[in-house]
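*Asks:* Count the sequence shown with this note's numbering and you get residues 602 to 1040, in order.
The C-beta atom is built at its ideal place from N, Cα and C for all residues, glycine as well.
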Amino acid sequence: MLKVTKFSLSRRACFCVAAAFLLTPAARAGSPDPYDGQAEWAQRYDAAERLTVSRSSTPILSPQTVAATEAAIEQYQKIVAAGGWPAVPTGQQLRLGSNGPAVVALRRRLIISGDIGSETGGSPVFDSYVEAAVRRFQARHGINETGVVNQQTATALNVSADTRLRQLEINLVRLRSFSRDLGNRYVTANIPAASVETVENGAVVTHHIAGVGKIDRQSPVMQTKAIQINFNPFWTVPASVIRKDLIPKMQADPNYLHDNHIRVYNKDNQELQPEQINWRSLDALNYRFRQDTGGDFNSLGVVRIDIANPYGVYMHDTPAKGVFGDDFRFVSSGCIRLQNVRDYVAWLLKENPGWDRDHIDEVIRSGERVDVKLEPPVPVYWVYVTAWGAPDGVTQFREDIYQKDGFGGAPSTVALQGRPVAQNNQPARLDPRDDDDDR
C-alpha cells in the first residue's frame, strides 16, 4: 500500500511533541529551569523531503517497475557484500524520546537501508529525524506509519539483507512475466500488498486499499477480465461458508441469521424459519441461505464486480469499512474487498455510455437490483508480488503471507490471528465467496 506520507515537522512542533517524553522529572514537577540537562535538543533534526514516500503513479506491472527492481537488486547486493545491517533489539518499544543503545542500532539499521541520512550520526536519542525514518520504513513495508518501533516493525527491521535481496530476485522473475503489453486499460490486484490499482495509458489512475483472502482461503493468482457490475446485490451463502462459518455462528448465537438479514429457503424456494433447522448437524447444507440487499449489512455492500474465473471469487464492496485501516487485511474467503469501490466502478464503466458517477450513485441510492455488462470487458490481473522497486528509488517489501517466495518457515503470529472482527459493536460478518449465483 502506497500512501502519500509527509514526515517533515517544524522545530517548534517537534519541541512540543517531544517535551512530554524528554523533560526531566524535576521539570515536569515545576522546576524553574525545564531545559536543565537537555543537551540532546541540539541533536534534533527535521525530516528531509527526499526521504518521504509518495504514492506512485507507476504501475506495479510495467517495464519501469522491472528496471527499478533491477536497480534495487544492485543496491541490495552491495549492502549484502558489505555485511548487511545490524539487528535491532526487541522486547522494548522505541518511540520519540527513547534513549539508549537500541536507538543507536536502529539508526545504523536505517542508515544502511537508506531510510535516514548518515549525517545523523550515532546519537542514542530517538529524535524527530529517527521518527520520520521509521515512518518511511513502515510506509515501504506496508505498515501503518506510526513512527513507533513496535513488535511488527521490529520484526520487519530484523529481516536480513540477504533475505530481502533474494526476495527482490524472486519477484523480479514475476514482474518480468508481465512485461508484455497488458492492455491500454487494466486492473492489478497485488495480493501480498492487499491493494488494487487501475491503469490507463501506462499510468495509475486510482489506488484502492483492499481486503484479500486468509491464509487458509487464499485469493488465487490469475489473469481474467471484469465482465459485469451488479448493483445492490443479494448474497447467496455458498456451501463451504455454510459449513465453516454459518453453522458455528448459529450454534453460538441463534439470532445470527435474523440479525444479519439472512433468509432460509428450501429446494422449492419456500422460506423457512431458522428454528426448523437442526444446527447441531449438517442439516443446514440442504437449504439455501440468501442475504437481503442493503449496503449497511449485506456482505457484498452495494456493488459486486463479476470477473470470469473458475474459483468462484470476485471483487466487491463491504459494510465493514474498518478493515481498510488495518495493517493486516487478509480477512476474506478469497474474494477481494475494495475501499472507495464507487470510484473503482466508475472507472470500469468509463466506456459504457451514460454510466457516470452521478448515475452510479443514483442507482445505488435506489436500492434496486441492476446488472450492467462491461463493454468492453476490462483485463484484471491478480498477482503475488512481495518486493519491487519504484522509479523514485523507493524499494517496497510485503510479508510473504502465503509462503510463496520459497523461504520456508511458518506464517507470522499476526497472520495466523487473522479472523473476522466485529465492527462498530456489530456481529462479525461472514466472508463472501461465491460458489453459487449471489446477484
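(1) Run through the DSSP bridge pairs and tell me what Trp983 is partnered with.
(2) Using CA atoms only, rank isn't needed, just tell me which of Leu697, Gln753 and Ile744 is closest to Val731.
(3) Starting from Gln892 and walking both ways along the beta strand (DSSP E), at which residues does that stretch end?
(4) Beta strand (DSSP E) containing Arg905: first to last residue?
(5) Is Leu939 closer than 7 angstroms to Met916 when the C-beta atoms are compared?
(6) May I ask which residues mark the beginning and end of the beta strand (DSSP E) holding His742?
(7) Quick one: residues in its chain with C-beta nearer than 6 angstroms to the C-beta of Val980, no 5 flanking neighbours on either side, listed in chain order?
(8) Could you give the DSSP three-state label for Thr1004: helix, strand or coil?
(9) Give me, in chain order, the residues of the same chain whose beta-carbon lies closer than 6 angstroms to that of Gly935; leave out the 5 immediate sequence neighbours on both sides.
(10) Keeping to the same chain, check which residues put their C-beta closer than 6 angstroms to that of Ile878; ignore five residues upstream and five downstream.
(11) When the Cα of Gln678 is compared with those of Thr764, Asn941 and Arg891, which residue comes out closest?
(12) Could you tell me which residues DSSP puts in a beta bridge with Trp836?
(13) Here's the rule: buried if 16 or more other CB atoms are within 10 angstroms of the residue's CB, otherwise exposed. What is Val800?
(14) Report the CB separation of Ala762 from Val681 in whole angstroms; it is logged as a contact under 8 angstroms.
(15) Taking only the alpha-carbon atoms, compute the straight-line gap between Gln1018 and Asp927 and give it to the nearest angstrom.
(16) Is DSSP giving Ser714 helix, strand or coil here?
(17) So, does the stretch 736-746 touch the stretch 764-773, judging by three or more C-beta pairs under 8 angstroms?
(18) Does Asn861 pass the burial test, meaning 16 or more other C-beta atoms within 10 Å, or should it be called exposed?
*Replies:* Based on what the coordinates show:
(1) Ala790 and Met823
(2) Leu697
(3) Annotation for Gln892: the continuous beta strand (DSSP E) segment containing it runs Arg889 to Gln892.
(4) Val904 to Ile908
(5) It is a contact, given that the beta carbons lie within the stated cut-off.
(6) Careful: His742 lies outside any beta strand (DSSP E) and carries neither H nor E.
(7) Checking the sequence, you will find Pro at residue 980 rather than Val. If we look at Pro980 and ignore the five residues flanking it on each side, its Cβ neighbours are Gly784, Tyr787 and Lys826.
(8) Just to set this straight, residue 1004 is Gln in the shown sequence, not Thr. In the structure shown, Gln1004 sits in coil (DSSP, three-state: anything other than H, G, I, E or B).
(9) Gly814, Arg818, Ser820, Val914 and Arg1034.
(10) Asp884 and Ala885
(11) Residue Thr764 is the option with its Cα nearest to Gln678.
(12) Gln892
(13) buried
(14) 5 angstroms
(15) Legend: pLDDT at Gln1018 = 39, less than 50; position of this residue unreliable, value from coordinates given subsequently. Gln1018 and Asp927: Cα-Cα distance of roughly 13 angstroms.
(16) coil
(17) no
(18) buried
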